[in-house]
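Residue numbers (this note's numbering): 35 to 401.
Each remark here refers to the structure printed beneath this line.
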Ligand code: OSB
Ligand code: MG
């Protein structure tokens, strides 16, 4: 296929409920959508960079700048036999994985549509439904947290993840266990702690958590290895795993027992497949993270999460937890058993409502 055109859409959608992590509270989600065109077909991607550089160093504005100035010229007018060739073609650009992923994933969608096959099949997926969990942000009170958990369990979600930060950690977990018993539960610190907090984090050991996600700094692997030796809860890395190579080092160093895959963080579907395969070879389970994506990014995630080593429920939930309405129709929904069907149509297999995209677009660029 030959890539003829790339379009960028800077979009903003209000969140149904604010989302608070250890780095702050957001009320809306700003993101860049990418539309590619080639061989008479289109493909869509979503870059997961946020308006601010708090989760990662990338922002919607750096994504725009890097795609417009550096990625688009490496792609437009180029012919690819298979979308796996896109990632190596972008190698000259160091970092900026979220910018790369937005374009790369759009090209995977384009290719799958041209083949008339669901993206999951092209990626090597092996299941037709994925297990769904929820990520619940820090709330104003423990009562509010309990209410949210109760609601999500009633909706059927297979696992609960709560965000933690200093002052909202051991007591929160203790209260959840006291009220809900031994539900599948994990915590995400978004790098809010240091090795000096080892004793505090060890106090989570008795609560039988599935994992603790990214307790220490985003660029840190070695301290996680030290921490993992001190605590029983399995450490899962999110922010730290920018590349397949860092994952290899982290596994070697025993810095984690589980890895969270977000294609935006590692540069797209090809890097995600390589990371998935590396983990499978080392018997490290993976699960699919989320970045408060619209239905377009979420659809990509569902297809990727259909690969076999995604062994734990992902942060891939129904559209209505985030956006009402979503940019796709019908929205993504979960079944009573807490699973989501992998779309069966060509490409990402969801219906993008163009009028809604246009309505929430703050800026548009055609390249
Ligand atoms: O650390 O997993 C994270 C959202 C934005 C940035 C980082 C993270 C998250 C989530 C939400 O936890 C996951 C989701 O439901 O999309
Ligand atoms: Mg995380």
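Glycine is no exception: its CB is placed at the ideal position from the N, C-alpha and C atoms.
Reference residue 346; option with closest CA among 316, 295, 383: Within the chain shown, residue 346 is the residue found at index 312, counting from 1. Of the candidates 316, 295, 383, the one whose C-alpha sits nearest the C-alpha of residue 346 is 295.
Can you pull the DSSP bridge partners for residue 142? By 1-based counting over the chain shown, the position of residue 142 is 108. In the DSSP assignment, no residue is bridged to residue 142.
Buried or exposed: which applies to residue 89, given that a residue is buried once 16 or more other Cβ atoms fall within 10 Å of its Cβ? As a position in the chain shown, residue 89 is number 55, starting the count at 1. Label assigned to residue 89: buried.
contact_flag[the stretch 385 to 396, the stretch 166 to 173] where n(CB pairs < 8 Å) is 3 or more: The stretch 385 to 396 is not in contact with the stretch 166 to 173.
Within 10 angstroms of the Cβ of residue 332, are there 16 or more other Cβ atoms? Answer buried if so, exposed if not. Residue 332 sits at position 298 when you count from the first residue of the chain shown. That one is buried.
Boundaries of the beta strand (DSSP E) in which residue 63 is found, first to last residue: The sequence position of residue 63 within the chain shown is 29, counting from 1. Bounds of the beta strand (DSSP E) holding residue 63 are 58 to 72.
Straight-line Cα distance separating residue 154 from residue 340: By one-based count along the chain shown, residue 340 stands at place 306. By one-based count along the chain shown, residue 154 stands at place 120. For the pair residue 340 and residue 154, the Cα-to-Cα distance works out to about 6 Å.
I'd like to know whether the C-beta atoms of residue 79 and residue 136 end up nearer to each other than 8 Å. Residue 79 sits at position 45 when you count from the first residue of the chain shown. Residue 136 sits at position 102 when you count from the first residue of the chain shown. Yes, the Cβ-Cβ distance between residue 79 and residue 136 is below 8 Å.
Taking only runs that begin and end inside the stretch 138 to 193, name each unbroken beta strand (DSSP E) of 3 or more residues, in chain order. For the stretch 138 to 193, the full-length beta strand (DSSP E) segments reaching 3 residues or more read 163 to 165, 168 to 170 along the chain.
Outcome for residue 50 when other beta-carbon atoms lying within 10 angstroms are tallied against a minimum of 16: The count along the chain shown starts at 1 and reaches residue 50 at position 16. Result: exposed.
Where do the N-terminal and C-terminal ends of the beta strand (DSSP E) with residue 44 fall, by residue? Numbered from its first residue, the chain shown carries residue 44 at position 10. According to the DSSP assignment, residue 44 belongs to the beta strand (DSSP E) that extends over 39 to 55.
Short check: CB of residue 440 to CB of residue 204, under 8 Å? The structure shown does not extend to residue 440, since the chain is modelled only from 35 to 401, so the question has no answer here.
For residue 215, name the three-state secondary structure that DSSP assigns. The residue you call residue 215 lines up with position 181 of the chain shown. In the three-state reduction of the DSSP assignment, residue 215 falls in the coil class, being assigned neither a helical nor a strand state.
Quick one: is the Cβ of residue 224 within less than 7 Å of any heavy atom of the ligand OSB? Start at 1 with the first residue of the chain shown, and residue 224 comes out as number 190. Correct: residue 224 has its Cβ closer than 7 Å to the ligand OSB.
Given a threshold of 16 other Cβ atoms within 10 Å of its Cβ, counted over all protein chains shown, does residue 121 qualify as buried or as exposed? Position 87 of the chain shown, counting from 1, holds the residue named residue 121. Under this definition residue 121 is a buried residue.
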